[in-house]
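Student: Below you will find the structure I want to go over with you.
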Amino acid sequence: MAPSSSSLSFFLIILLACIIGSTAACYTAIFGFGDSLTDAGNLIHLETDGSVPHMYYPPYGETFFGHPTGRCSDGRVILDLIAEYYGLAIPPPSLSRKAQTGGDNIQQGVNFAVVGSRALPAEFYEKLDIYDTVTNVSMNDQLHAFQDMIPSLCNSPSDCKNLLENSLFVLGEFGGNDYTHSLLSGKNISVIQPFIPIVARAIAEGAHKLIELGARTVMVPSVLPLGCAASYLTYYPSPNIEDYDDLGCLIWVNNMASYHNQLLQKELNLLRERHPYANIIYTDIFNAAMQIYDGPETLGFSGGALKACCGGGGPYNFNPDLQCGNVGATSCLDPSTFVNWDGYHLTETAYILITNSLLDGSYTYPRMNTLCPVNAKVAQL
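No gaps in the numbering here: position 237 of the sequence shown is 552 in my numbering, and each next residue is one more.
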């Protein structure tokens, strides 16, 4: 006998509840750290002179939020998308008033990332005559802020233990600013190459600190293919065609990024030996992004991959003196047709594709879908 419509509806409700329940059961909270690829609005709280950075002006945030939030994109960033994928609230910036006072449902997660953050402290770079005009916040500063916030996240030692063990931590991306700010300070690759191992080791040590605090699942992203960014392509043009790969990306810059990523993987392998009970997940956003650069038109990016949607003109629509959000900068009509948003960062649509390919296990080691099986994809809302 065929089931009645009411019994079928009841079955579907139960099935949906099981799916949602299994999704939410993977992690009870998500905590993020990093730089402008992750920041959700922390930078402005550090501007002591009252100035407003350009990413706090339209058209930033136009696609999803409808207004600027401090995110360096037209919409959500990877951390936001991961949170939604696992049924969690988008984590608020740690320096927001609600987060500081224990509101905004911070038990489901907090975002500690700050635009411009580097893995290594400012003191390390100042000895090399390298300075950051955006912020001196380092990875360790963010980790200390998280440690200070833990008592407000839980009511007892056992509650804190459960929270940390059942949360997902996303440590980064870190490294991109360590190299970008060095290059913009006038240093060449011969100066940068020797401290790339120090940066990779520091990031792994950051994951170690989280695990020592009680974390059991830590995603550690690579750096992006910086040689494909409109900013790098503008800053370092070359008359020699052999300096570019078949996609139009700068080979020497991507080689620098790949070197960092190789060393980071080695450091994480060593860390797994120290903490065999923890899930230390190398998150390969480099190759997840390269699949987009390799065929943007086939994925719907009719605006291409190398030119920024929003910027101040030039071959790649990037002008460091007239950045997206500044008066006079222009923006494309449909950001979803572009990979690059503002020269440095990607559009929400690009981030959605990257996040889906991370969480289905294609670009994570160990595979995220074996740690937390979810039959879903990040929605493009």
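Backbone N, C-alpha and C fix where the C-beta goes; we use that ideal spot for every residue, glycine too.
Predicted model, so just to flag it, every value in this text is computed and none were measured.
In three-state terms, what does DSSP make of Ser-321?
Tutor: The residue given as residue 321 occupies position 6 in the sequence shown. With a pLDDT of 40 at Ser-321, under the threshold of 50, the modelled position of that residue is not reliable, and no figure is offered here.
Student: Please report how far the alpha carbon of Cys-564 lies from the alpha carbon of Ser-366, in whole angstroms.
Tutor: Translated into the one-based positions of the sequence shown, residue 564 becomes position 249. Translated into the one-based positions of the sequence shown, residue 366 becomes position 51. Approximately 34 Å, taken between the alpha carbons.
Student: So what does DSSP say about Phe-707, is it helix, strand or coil?
Tutor: In the structure as shown, the chain starts at 316 and stops at 696, and residue 707 therefore has no counterpart that could be examined.
Student: Mind checking which residues open and close the alpha helix (DSSP H) that includes Pro-466?
Tutor: Counting from 1 along the sequence shown, the entry for residue 466 is found at position 151. Element bounds for Pro-466: 454-468.
Student: Whole angstroms is fine: what's the gap from Ala-691's alpha carbon to Asn-555's?
Tutor: The residue given as residue 691 occupies position 376 in the sequence shown. The residue given as residue 555 occupies position 240 in the sequence shown. The alpha-carbon atoms of Ala-691 and Asn-555 are separated by roughly 45 Å.
Student: Could you give the C-beta distance for Ile-304 and Val-693, rounded to a whole number, given that I count them as a contact under 8 Å?
Tutor: Outside the shown range of the chain (316 to 696) lies residue 304, about which nothing can therefore be said.
Student: Please name the residue, chosen from Pro-536, Tyr-678 and Ala-344, that lies closest to Leu-579 on a Cα-to-Cα basis.
Tutor: Looking up residue 579 in the sequence shown gives position 264. That would be Pro-536, whose Cα lies nearest to the Cα of Leu-579.
Student: Could you round the C-beta distance between Asp-493 and Leu-435 to whole angstroms and report it? I think they count as a contact, below 8 Å.
Tutor: For the purposes of this step, residue 493 is taken as the residue at position 178 of the sequence shown. For the purposes of this step, residue 435 is taken as the residue at position 120 of the sequence shown. With 8 Å as the limit, Asp-493 and Leu-435 qualify as a contact, their Cβ atoms being about 6 Å apart.
Student: Closer than 8 Å by C-beta to Ile-359: which residues in its own chain qualify, once you throw out the five before and the five after it? Chain order, please.
Tutor: Here the question's residue 359 lines up with position 44 in the sequence shown. Here the set comprises Val-367, Pro-368, Tyr-371 and Gly-385.
Student: Please classify Ser-473: does DSSP put it in a helix, a strand, or coil?
Tutor: Within the sequence shown, numbered from 1, the residue matching residue 473 stands at position 158. DSSP places Ser-473 in helix when its eight states are reduced to three.
Student: Determine whether the beta carbon atoms of Ala-519 and Leu-585 lie at a separation below 9 Å.
Tutor: Position 204 of the sequence shown holds residue 519. Position 270 of the sequence shown holds residue 585. Yes, they are a contact pair.
Student: With C-beta atoms as the reference, is Val-654 less than 9 Å away from Gly-626?
Tutor: Residue numbering aside, residue 654 sits at position 339 when the sequence shown is read from its first letter. Residue numbering aside, residue 626 sits at position 311 when the sequence shown is read from its first letter. No, Cβ-Cβ distance for Val-654 and Gly-626 is not below 9 Å.
Student: Do you know how far the Cα of Asp-675 is from the Cα of Ile-504?
Tutor: Taking the first residue of the sequence shown as 1, we reach residue 504 at position 189. Taking the first residue of the sequence shown as 1, we reach residue 675 at position 360. For Ile-504 and Asp-675, the distance between alpha carbons rounds to 35 Å.
Student: Assign Asn-570 to buried or exposed, taking buried as 16 or more other Cβ atoms, counted over all protein chains shown, within 10 Å of its Cβ.
Tutor: On the sequence shown, residue 570 is found 255 positions in, with the first residue counted as 1. It is exposed - the Cβ of Asn-570 has fewer than 16 other Cβ atoms within 10 Å.
Student: With DSSP as the reference, label Ile-669 as helix, strand or coil.
Tutor: One-based indexing of the sequence shown puts residue 669 at position 354. Looking at Ile-669 - three-state DSSP - the assignment turns out to be helix.
Student: I'd like the ranges of any beta strand (DSSP E) spanning at least 3 consecutive residues and lying wholly in the region 580-659.
Tutor: Fully enclosed beta strand (DSSP E) runs of 3 or longer: 594-598.
Student: Apart from the five residues just before and just after Gly-490, which ones in its own chain have a Cβ nearer than 6 Å to its Cβ?
Tutor: Your numbering for residue 490 matches position 175 in the sequence shown. The residues are Ala-434, Val-514, Val-538 and His-575.
Student: Is the distance from the Cβ of Glu-377 to the Cβ of Gly-390 below 9 Å?
Tutor: As a working note, residue 377 is residue 62 in the sequence shown. As a working note, residue 390 is residue 75 in the sequence shown. Yes, they are a contact pair.
Student: Jot down the residue ranges of each uninterrupted beta strand (DSSP E) in the region 374-444, minimum 3 residues, whole runs only, in chain order.
Tutor: Runs of the beta strand (DSSP E) inside the region 374-444: 424-426.
Student: Could you name the residues of the same chain whose beta carbon sits closer than 6 Å to that of Gly-336, not counting the 5 residues immediately before and after it, in chain order?
Tutor: The residue given as residue 336 occupies position 21 in the sequence shown. Low per-residue confidence applies at Gly-336: pLDDT is 38, beneath 50, and the placement is therefore not dependable enough to give any value.
Student: Straight-line CA distance for Asp-558 to Arg-682?
Tutor: On the sequence shown, position 243 is the one that residue 558 refers to. On the sequence shown, position 367 is the one that residue 682 refers to. When rounded, the distance between both Cα atoms is 34 Å.
Student: So, with DSSP's three-state summary, where would you put Ala-347?
Tutor: Within the sequence shown, numbered from 1, the residue matching residue 347 stands at position 32. Reading off the sequence, residue 347 comes out as Gly, not Ala. If DSSP states are grouped into helix, strand and coil, Gly-347 belongs with the strands.
Student: Quick one: measure Cβ to Cβ for Asp-599 and Tyr-678, integer angstroms, because I've assumed they're closer than 8 Å.
Tutor: The sequence position of residue 599 within the sequence shown is 284, counting from 1. The sequence position of residue 678 within the sequence shown is 363, counting from 1. Indeed they touch by this definition, with Cβ atoms about 4 Å apart.
Student: Please state whether DSSP places Phe-489 in a helix, a strand or coil.
Tutor: Residue numbering aside, residue 489 sits at position 174 when the sequence shown is read from its first letter. Coil, per DSSP.
Student: Quick one: using the 10 Å Cβ neighbour count with 16 as the cut-off for buried, is Pro-374 buried or exposed?
Tutor: The sequence position of residue 374 within the sequence shown is 59, counting from 1. Answer is buried; the Cβ neighbour count reaches 16.
Student: Using a 10 Å radius around the Cβ and a threshold of 16 neighbouring Cβ atoms, would you call Gln-423 buried or exposed?
Tutor: Numbered from 1 along the sequence shown, position 108 holds the residue referred to as residue 423. Gln-423 should be labelled buried.
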